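What follows is a short report on a single structure.
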């Protein structure tokens, strides 16, 4: 049975993860999610990307906001405000219940992997949604206002500080979560898919884990990325601003260059151009298809297209290997 690994951040990544989960069975797909955004708030472990992916696959996500749960109420947040507590990071009542339960399970000795599996199953999710690591990794945004934890930069400061770099505290000592390790190690691995998430703060922390880049480079299966740009702009989030401030052109070529050491395939929107030597010289195969996912059907269509691209590339690679072997 062919198996796939999807590396995923929050909103954009969750949409493709949803599509993949409609096309592939639970045994065929492992969704590995960034935990660099995680932080402690009010004594609770907040896991924004993990929760967004779980909520999206459970069909309970707030599609308008892009975060949190649909049909949410806010009594606890209002009560916290009356008490003078910190309300810059919003937790709705249903969301708060999840966080309280997660804290209880973690305090009882469960790992983040185990807790995520328990919560996902309780919400009806059959597919494996796993944290990249059970060890803490924290994304720090280096800015003109100093070093800021990602959620402070993203939510509290609304991405206003000028970005000069990123680092991932704890990454060098962190181990891949057991399900992530197993998914990369299986002989049935057929492809690795990088969802259209921010390459710096969503995919970057996953790639910062020891050995991940080397393993993607060495793996004998196609590695495909869906560019998180449409027409030279990020669909959501601060990616465009970050790229400008880092002195990069906002282009799919720059996205490819961030993954150049292991990338085989790049899926881009027809509104974007192959504007980088990495793409023009065929070091990375490029495929164009609509990547903007505004409906569930569009998520599924993109997932089917991505899987077809991976299969086509894998078959071509196998054919080339057979031909090379027969002429040796």
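Residue numbers (UniProt numbering): 1 to 328. Backbone N, C-alpha and C fix where the C-beta goes; we use that ideal spot for every residue, glycine too. As the structure is a computational prediction, the values presented were derived from the model and not from experiment.
Worksheet item: Residue ranges of each alpha helix (DSSP H) run of no fewer than 4 residues wholly in the stretch 187–234, ordered along the chain?
Response: 204–207 and 212–218
Discussion item. Using a Cβ-Cβ cutoff of less than 8 Å, which residues in the same chain neighbour residue 166 once the five nearest sequence positions on both sides are dropped?
Written reply: 139, 140, 141, 142, 200, 201 and 204
Discussion item. I'd like to check one pair, residue 55 with residue 63: are the Cβ atoms closer than 8 Å?
Written reply: no
Practice prompt. Please go through the same chain and pick out, in chain order, the residues whose beta-carbon is closer than 6 Å to the beta-carbon of residue 40, but skip the five residues on each side of it.
Written response: none
Worksheet item: Among all the DSSP beta bridges, which residues are the ones paired with residue 287?
Response: Beta-bridge partners of residue 287 (DSSP): 267.
Worksheet item: Exposed or buried, residue 218, counting other C-beta atoms within 10 Å across all chains shown (16 or more means buried)?
Response: exposed
Worksheet item: CB-CB under 7 Å to residue 286, same chain, minus the five flanking residues each way: which ones, in chain order?
Response: 266, 268, 274 and 279
Worksheet item: Excluding the five sequence neighbours on either side, which residues of its own chain have a C-beta within less than 8 Å of the C-beta of residue 4, listed in chain order?
Response: 20, 24, 28, 29, 30, 189, 190, 191, 192, 193, 307 and 310
Practice prompt. Label residue 303 either buried or exposed according to how many other C-beta atoms from any shown protein chain fall within 10 Å of its C-beta, with 16 as the threshold for buried.
Written response: buried
Item to complete: Check the DSSP bridge columns for residue 31 and list the partner residues they point to.
Response: The bridge partners DSSP lists for residue 31 are 6 and 129.
Fill in: Collapsed DSSP secondary structure at residue 245 in the structure displayed
helix
Discussion item. Which same chain residues end up closer than 7 Å to residue 237 when comparing Cβ atoms and leaving out the 5 residues on each side of it in sequence?
Written reply: The answer, listed in chain order, is 198.
Worksheet entry | For residue 195 and residue 99, the rounded distance between their alpha carbons | 26 Å
Item to complete: Less than 8 Å between the CB atoms is what I'm expecting for residue 227 and residue 291, so what's the real figure, rounded?
Response: 7 Å
Discussion item. So, for residue 135: in the same chain, excluding its five sequence neighbours on each side, which residues have a beta-carbon less than 8 Å away from its beta-carbon?
Written reply: 170, 173, 174 and 175
Fill in: Own chain partners of residue 13 with C-beta closer than 6 Å, once the 5 adjacent residues on each side are dropped
195 and 197
Fill in: Spatial distance of residue 113 from residue 272 (CA atoms)
37 Å
Discussion item. Given this structure, state the Cα-to-Cα distance separating residue 213 from residue 264, to the nearest angstrom.
Written reply: 13 Å
Worksheet entry | Continuous alpha helix (DSSP H) stretch holding residue 23: start and end | 11–23
Item to complete: With residue 166 as the anchor, note down where its beta strand (DSSP E) starts and where it stops.
Response: 163–169
Discussion item. Between which two residues does the alpha helix (DSSP H) holding residue 82 run?
Written reply: 75–82
Practice prompt. Please name the residue, chosen from 209, 155, 240 and 220, that lies closest to residue 46 on a Cα-to-Cα basis.
Written response: Residue 46 has its Cα closest to that of 155, out of 209, 155, 240 and 220.
Worksheet entry | Distance between beta carbons of residue 48 and residue 67, contact taken as under 8 Å | 7 Å
Worksheet item: Ends of the beta strand (DSSP E) at residue 54?
Response: Premise fails: residue 54 lies in the alpha helix (DSSP H), 48–57, not in any beta strand (DSSP E).
Discussion item. Measuring only the C-alpha atoms, how far is residue 232 from residue 298?
Written reply: Those two C-alpha atoms are separated by around 20 Å.
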